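Peer 1: Per our numbering, the very first residue in the sequence shown carries number 668; after that it's consecutive.
Glycine included, C-beta positions come from ideal geometry on N, C-alpha and C.
Just so it is clear, the structure is predicted and the values come from calculations on it, not from any experiment.
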Amino acid sequence: MSDNHLENSQIMKDYQWFHRHPELGYEEMETTAYIKEALHEAGIETLPLPSARITGVIAVIRGKGESAGSDSEPVVALRTDIDGLPIEEMTNVSYKSLYPGRMHACGHDFHMALVLQAARLLQQTKEDWSGTVKVIFQPAEELPGGAKEMVETGLLEDVDAYVGLHTTPGRPSGAIGIRSGGLMAAVDRFEVTVSGRGCHGAAPHEGIDVIPVICQIVTALQTIVSRQVDPFAPAVLSVTAVSAGNTWNVIPSEGSFCGTVRSFSPQVRAQIKERFYRLTEQLTDASGAECRIDWYEGPPAVINDEGLCKIAAKTATESGYQVYEPEQTMVGEDFSFYQEKQKGIFLRVGTGYDKPLHHAEFLADPAALEPTAEYLALLVKKILAEI
Ligand code: NI
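1. Is it buried or exposed, ASN913, if we count other Cβ atoms within 10 angstroms and call 16 or more buried?
2. Have a look at GLY812 and TYR829 and give me their C-alpha separation to the nearest angstrom.
3. To the nearest angstrom, how far is the alpha carbon of GLY798 from that of GLU1041?
4. Are the beta-carbon atoms of TRP638 and LYS1048 separated by less than 8 Å?
5. Quick one: is ASN675 buried, meaning 16 or more other Cβ sit within 10 Å of its Cβ, or exposed?
6. Taking only the alpha-carbon atoms, compute the straight-line gap between THR890 and PHE899 and give it to the nearest angstrom.
7. For PHE804, list the residues DSSP reports as bridge partners.
8. My assumption, with CB atoms under 8 Å, is that THR698 sits in contact with LEU706. Please give the rounded CB distance.
9. Might you give, ordered along the chain, the residues of its own chain that have their beta carbon closer than 7 Å to the beta carbon of GLY837, omitting 5 neighbours on each side?
10. Evaluate LEU752 with the Cβ neighbour count: other Cβ atoms within 10 Å of its Cβ, from every protein chain shown; 16 or more gives buried, anything less gives exposed.
11. Judging by CA-CA distance, which residue of TYR682, GLY865 and THR951 is the nearest neighbour of ASN916?
12. Compute every distance between the C-beta of ARG808 and the non-hydrogen atoms of ligand 1, then say whether any falls below 7 Å.
13. Residue range of the alpha helix (DSSP H) that GLY1061 falls in?
14. Thinking just about the alpha-carbon of each residue, which of THR947, PRO967, TYR1005 and LYS1010 is nearest to the one in CYS976?
15. Identify, in the order they occur along the chain, each residue of the same chain with its Cβ nearer than 8 Å to the Cβ of GLN790, setting aside the five sequence neighbours on each side.
16. Please say whether GLY774 and ALA1031 have beta carbons closer to each other than 8 Å?
17. Grouping DSSP H, G and I as helix and E and B as strand, with all else coil, what is TYR682?
18. Under DSSP, the beta strand (DSSP E) around ALA887 begins and ends at which residues?
19. Using the three-state DSSP reduction, which class does LEU950 fall into: helix, strand or coil?
20. So what does SER910 bridge to, in DSSP terms?
21. Measure the beta-carbon distance from ALA842 to GLN989 and round it to whole angstroms, keeping in mind my assumption that it falls under 8 Å.
22. Look up SER1003 in the DSSP assignment and say whether it is helix, strand or coil.
23. For PRO767, which option in PRO717, GLU690 and ALA744 has the closest C-alpha, if you only look at C-alpha atoms?
24. I need the boundaries of the beta strand (DSSP E) containing MET997, first residue and last residue.
25. Buried or exposed for MET696, going by 16 or more other Cβ atoms inside 10 Å?
26. Nearest to ALA911 by CA position, among ARG769, GLY723 and VAL859, is which residue?
27. Roughly how far, in whole angstroms, is the beta-carbon of TRP962 from the beta-carbon of ASP855, given that I think they are within contact range, below 8 Å?
28. Based on the DSSP output, what are the partners of GLU957 in its beta bridges?
29. Along the chain, where does the alpha helix (DSSP H) that runs through GLU1053 open and close?
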């Protein structure tokens, strides 16, 4: 196809509009309005969300013979995230972000354009397939939390399988990345405050110095993954910020540190948390200090269903798409909240170029737009026919 064709296509217009208008998690008002209008123009029904939800859209497309409330036919959900990032864009494209300090640096603009176009293709061909497709335009993937709230709307109770995807820089444009089993890690976050007793820097015996306590804890935490977790189970524990005191001759009364834990298996996830609490509490206790641990459980690991991966690979190769197996990554993705409810597949899509995700110069190659949207529509139809 010619560049001219792509330049004038609806999907390119959508992509460029989304790229120009990045909005942060739960603030995606303009984006939501654009999506709703595009769906209505295509004759696609959108479902009313509970009133508390002001951003995001869930749309529904019914295949032949389907009426509202029918539960005999399968339901497949296709999901895109819609939020941007607080990053100042440093690219030179004509459709650069219009908003200072905000950018679609994680390709969610690309995902939206793909899923919107796939929805149009499904709507146009709805006499050719049976079942129901729910299209999820989900806010706030980056926080994360948007997926959980979409599940909690209750509008996805009848979904039998979920399909989601993510751009992948450095892979050939339009190549489809499929990996069965664990793809992305579970995400946990911790914040620890250690309280001792402040005193003069020249008289440490009069206080309880939290600085050596925090140093001991941070060092000991490094033995969890290296000495206590099965070496064949991927896991990461990173302490990413430490803070205590503000001058050279005062021993502070309090200090803190925070960081993240990444894992794939639920057993390892629980094991790390348990060891973390034990080491932190007991080392604090041994020094006479006190601690408070705040533990925030993020999304579980993205685990792809084997059967869906087979359908996805077959669909891709039969239609001439390049297929590859993406590496596992310790980065998280809240798509796993859908997979907690029902099986799902999270695909990677090659988008060329070399700047990584969340980089101020990140861009996805628009040449991947049309073929990938066609693939998504095809895949959804195949899954509906085969599950
Ligand atoms: Ni992303």
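Peer 2: In terms of the structure at hand:
1. On the sequence shown, position 246 is the one that residue 913 refers to. Label assigned to ASN913: exposed.
2. Locating residue 812 in the sequence shown gives position 145, counting from the first residue. Locating residue 829 in the sequence shown gives position 162, counting from the first residue. GLY812 and TYR829: Cα-Cα distance of roughly 17 Å.
3. Locating residue 798 in the sequence shown gives position 131, where the first residue counts as 1. Locating residue 1041 in the sequence shown gives position 374, where the first residue counts as 1. Taking the straight line joining both Cα atoms gives about 18 Å.
4. The shown model of the chain, from 668 to 1054, leaves out residue 638, and the question about it has no answer.
5. Here residue 675 corresponds to residue number 8 of the sequence shown, with the count starting at 1. Result: exposed.
6. As a working mapping, residue 890 is identified with position 223 in the sequence shown. As a working mapping, residue 899 is identified with position 232 in the sequence shown. Distance between the alpha carbons of THR890 and PHE899 is about 16 Å.
7. Position 137 of the sequence shown, counted from the first residue, corresponds to residue 804. In the DSSP output, where bridge partners are listed per residue, PHE804 has VAL724 and THR747.
8. In the sequence shown, counting from the first residue as 1, residue 698 sits at position 31. In the sequence shown, counting from the first residue as 1, residue 706 sits at position 39. In fact, because the Cβ distance is near 13 Å, the residues do not count as touching under 8 Å.
9. Within the sequence shown, numbered from 1, the residue matching residue 837 stands at position 170. Around GLY837: ASP1021.
10. Walking along the sequence shown from the start, residue 752 turns up at place 85. Buried, by the Cβ-count rule.
11. For the purposes of this step, residue 916 is identified with residue 249 of the sequence shown, where counting begins at 1. The residue with the shortest Cα to Cα distance from ASN916 is GLY865.
12. To locate residue 808, count along the sequence shown from 1; it is residue 141. Contrary to the premise, residue 808 reads as Glu rather than Arg in this sequence. Yes.
13. Beyond the ends of the chain as shown, which are 668 and 1054, falls residue 1061; an answer cannot be given.
14. The residue labelled residue 976 in the question sits at position 309 within the sequence shown. Closest by alpha carbon: LYS1010.
15. Here residue 790 corresponds to residue number 123 of the sequence shown, with the count starting at 1. ALA709, GLY710, ILE711 and ILE728, listed in sequence order.
16. The residue labelled residue 1031 in the question sits at position 364 within the sequence shown. The residue labelled residue 774 in the question sits at position 107 within the sequence shown. Against a cut-off of 8 Å, the Cβ pair of GLY774 and ALA1031 comes out as a contact.
17. Translated into the one-based positions of the sequence shown, residue 682 becomes position 15. If DSSP states are grouped into helix, strand and coil, TYR682 belongs with the helices.
18. One-based indexing of the sequence shown puts residue 887 at position 220. Here ALA887 belongs to no beta strand (DSSP E); instead the alpha helix (DSSP H) covers 877-890.
19. Locating residue 950 in the sequence shown gives position 283, counting from the first residue. In the displayed model, LEU950 falls within a helix according to three-state DSSP.
20. In the sequence shown, counting from the first residue as 1, residue 910 sits at position 243. Note: SER910 sits in a beta bridge opposite SER923.
21. One-based indexing of the sequence shown puts residue 842 at position 175. One-based indexing of the sequence shown puts residue 989 at position 322. Rounded, the Cβ-Cβ distance is 4 Å, consistent with contact.
22. In the sequence shown, the residue the question calls residue 1003 occupies position 336. Helix, per DSSP.
23. Taking the first residue of the sequence shown as position 1, residue 767 is located at position 100. For PRO767, the nearest C-alpha among the options comes from GLU690.
24. Counting from 1 along the sequence shown, the entry for residue 997 is found at position 330. Where MET997 is concerned, there is no enclosing beta strand (DSSP E), given that its DSSP letter is neither H nor E.
25. As a first step, residue 696 must be located in the sequence shown, where it is residue number 29. By the neighbour-count rule (16 or more Cβ atoms within 10 Å), MET696 is not buried but exposed.
26. For this step, residue 911 is matched to residue 244 along the sequence shown. Selected option, being the one with the closest Cα: VAL859.
27. For the purposes of this step, residue 962 is taken as residue 295 along the sequence shown, with counting starting at 1. For the purposes of this step, residue 855 is taken as residue 188 along the sequence shown, with counting starting at 1. Confirmed, Cβ separation roughly 7 Å.
28. Against the sequence shown, residue 957 aligns to sequence position 290. Per DSSP, SER862.
29. For the purposes of this step, residue 1053 is taken as residue 386 along the sequence shown, with counting starting at 1. Per DSSP, the continuous alpha helix (DSSP H) segment holding GLU1053 begins and ends at 1036-1053.
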